[in-house]
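Heads up, the sequence shown is in this note's numbering, so the first residue is 73 and it goes up one at a time.
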Amino acid sequence: MDGGVMSQEEINALLNSSGDDETTSTSVGELLSSDEKDAIGEIGNISMGTAATTLFSLVNRKVEISTPVVSFATWSDICDAYERPCVFIRIAYTVGLDGSNILVLKENDVKIITDLMMGGDGTNTEQELGELHLSAISEAMNQMMGSSATSLSSMLNKVIDISPPTADLVDLQDTVDESTIDEFLSGEFVKISFRMEIGDLIDSEIMQLYPVSFAKEMCSSVSKNMEEDTNSTAGARKKETAPVAAPQPMPQPAPQQPQQQPMGQPMMMGQPMMAPPMMGMDMSQMYGQQVNVQPAQFQAFSGNMPMGFGPENIDLIMDVPLEVTVELGRTSKSIKEILDFAPGTIIELNRIAGEPIDVLVNGKYVAKGEVVIIEESYGIRITEIVK
Numbered sequence: 073m074d075g076g077v078m079s080q081e082e083i084n085a086l087l088n089s090s091g092d093d094e095t096t097s098t099s100v101g102e103l104l105s106s107d108e109k110d111a112i113g114e115i116g117n118i119s120m121g122t123a124a125t126t127l128f129s130l131v132n133r134k135v136e137i138s139t140p141v142v143s144f145a146t147w148s149d150i151c152d153a154y155e156r157p158c159v160f161i162r163i164a165y166t167v168g169l170d171g172s173n174i175l176v177l178k179e180n181d182v183k184i185i186t187d188l189m190m191g192g193d194g195t196n197t198e199q200e201l202g203e204l205h206l207s208a209i210s211e212a213m214n215q216m217m218g219s220s221a222t223s224l225s226s227m228l229n230k231v232i233d234i235s236p237p238t239a240d241l242v243d244l245q246d247t248v249d250e251s252t253i254d255e256f257l258s259g260e261f262v263k264i265s266f267r268m269e270i271g272d273l274i275d276s277e278i279m280q281l282y283p284v285s286f287a288k289e290m291c292s293s294v295s296k297n298m299e300e301d302t303n304s305t306a307g308a309r310k311k312e313t314a315p316v317a318a319p320q321p322m323p324q325p326a327p328q329q330p331q332q333q334p335m336g337q338p339m340m341m342g343q344p345m346m347a348p349p350m351m352g353m354d355m356s357q358m359y360g361q362q363v364n365v366q367p368a369q370f371q372a373f374s375g376n377m378p379m380g381f382g383p384e385n386i387d388l389i390m391d392v393p394l395e396v397t398v399e400l401g402r403t404s405k406s407i408k409e410i411l412d413f414a415p416g417t418i419i420e421l422n423r424i425a426g427e428p429i430d431v432l433v434n435g436k437y438v439a440k441g442e443v444v445i446i447e448e449s450y451g452i453r454i455t456e457i458v459k
């Protein structure tokens, strides 16, 4: 620009950039209306509320999930706002709805949840996240989102089902690799944020990511169900307002003359006043029916259940795989002795020959046994269960 005069190329570039900004703003504003955002928030609130109840039965800890916050996001927004790496759990709907969404959890939160599911206290989080954790959290999400789908079925008044969720550890990168993530994550999508608290172990944010088209489909189902409910309610009211025959008046009994109080004698305190015939009747006489009144019977509460915890349902985690380790023995060696190791070196263990060996499940000592040979493989015969 010379002498304060803009060239034609600069004017065109300025006009084109302004038009692009306006188009982008319009497209973002048209993704979801305010009513659709409210509907999505209500769906998420009901779904995650039911899922929290199921998670409580799995971890036996108090679970609280806050009111959802609905917004729009891109892949770069997720990378900037969330820890790396994190766990992506994909939930695909197979019946009633056509689409999928992704639940995003922090890596450490997954470790705590799986440790609680295995019977731990939630502090065994030092080991790396492996297939055992991913399998356990997938099973937990299968139970949670299954109950959520049941609630969604009641809300939308149609059958809704999901396929078994899959969990993957994702190292968030600034650049989008479409071969490793879902296709809708490369553009703009709907993000529903929740604050999840599990006892005093977890207090963090979880997210549900929806394609815009799938969010619109759920909103459309909600609106359609509400219209059907409105039409059915209006039809019921129309039937109620139809003219009916006027009821015939009941014959009134002849009035009785009240007893005359002698002149000059005052009314005694506590003396019953004369009541109309209907008020003095028993209810059974008025309606001509015998009323059977019995005392209510309540089942006694069991005193064996601790306060604040529900009964455990171990059937929910029967398919979760656990790592079984057989330990022959242990010993301690100095660094110098370890550096002297060579082929043929004999290491003496702290266990006597013939003594039962230890069986550990996920690092916890559970049984004793003896070594057996099955064809060409070693095996273990359990001889004692350790309580």
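Beta carbons are placed, not taken as given, at the ideal position from N, Cα and C, and that holds for glycine.
Since the model is a prediction, treat every value here as computed from it, not as a measurement.
Can you tell me whether residue i is buried or exposed, with buried defined as 16 or more other CB within 10 angstroms of its CB?
| i | result |
| --- | --- |
| residue 302 | exposed |
| residue 425 | exposed |
| residue 413 | exposed |
| residue 407 | exposed |
| residue 457 | exposed |
| residue 134 | exposed |
| residue 229 | exposed |
| residue 450 | exposed |
| residue 445 | exposed |
| residue 106 | exposed |
| residue 454 | exposed |
| residue 195 | exposed |
| residue 153 | exposed |
| residue 459 | exposed |
| residue 178 | buried |
| residue 167 | exposed |
| residue 215 | buried |
Using the C-alpha atoms, what's the distance from residue j back to residue i?
| i | j | result |
| --- | --- | --- |
| residue 343 | residue 226 | With a pLDDT of 46 at residue 343, under the threshold of 50, the modelled position of that residue is not reliable, and no figure is offered here. |
| residue 447 | residue 241 | 38 Å |
| residue 173 | residue 409 | 55 Å |
| residue 416 | residue 253 | 50 Å |
| residue 159 | residue 368 | 51 Å |
| residue 277 | residue 297 | 31 Å |
| residue 443 | residue 184 | 34 Å |
| residue 137 | residue 418 | 56 Å |
| residue 208 | residue 244 | 22 Å |
| residue 193 | residue 123 | 21 Å |
| residue 274 | residue 411 | 43 Å |
| residue 233 | residue 197 | 33 Å |
| residue 206 | residue 286 | 26 Å |
| residue 111 | residue 291 | 6 Å |
| residue 176 | residue 403 | 43 Å |
| residue 437 | residue 391 | 21 Å |
| residue 180 | residue 300 | 45 Å |
| residue 165 | residue 231 | 11 Å |
| residue 201 | residue 108 | 37 Å |
| residue 156 | residue 239 | 15 Å |
| residue 149 | residue 279 | 12 Å |
| residue 427 | residue 121 | 52 Å |
| residue 190 | residue 395 | 11 Å |
| residue 272 | residue 405 | 40 Å |
If the criterion is Cβ atoms closer than 8 Å, does the pair residue i and residue j meet it?
| i | j | result |
| --- | --- | --- |
| residue 211 | residue 389 | yes |
| residue 421 | residue 397 | no |
| residue 423 | residue 441 | no |
| residue 116 | residue 264 | yes |
| residue 219 | residue 126 | yes |
| residue 204 | residue 131 | no |
| residue 294 | residue 104 | no |
| residue 170 | residue 289 | yes |
| residue 270 | residue 217 | no |
| residue 161 | residue 237 | yes |
| residue 266 | residue 393 | no |
| residue 255 | residue 146 | no |
Quick one: what does DSSP say residue i is sitting in, helix, strand or coil?
| i | result |
| --- | --- |
| residue 449 | strand |
| residue 458 | coil |
| residue 260 | coil |
| residue 280 | strand |
| residue 424 | coil |
| residue 123 | helix |
| residue 139 | coil |
| residue 350 | Residue confidence is low: residue 350 scores 48 on pLDDT, short of 50, so the model does not pin down where it sits. Its coordinate-derived value is still stated next. Residue state, collapsed to three classes: helix. |
| residue 242 | strand |
| residue 265 | strand |
| residue 272 | coil |
| residue 217 | helix |
| residue 107 | helix |
| residue 118 | helix |
| residue 112 | helix |
Examine chain B for any beta-carbon lying closer than 8 Å to the beta-carbon of residue i, and answer yes or no.
| i | result |
| --- | --- |
| residue 270 | The chain inventory of the structure shown lacks chain B, comprising one protein chain alone. |
query = Fully enclosed by the stretch 144-211, which beta strand (DSSP E) runs are 3 residues long or longer?
reply = 158-167, 171-178
Contiguous alpha helix (DSSP H) assignments of at least 4 residues, all confined to the stretch 385-446 = 407-411
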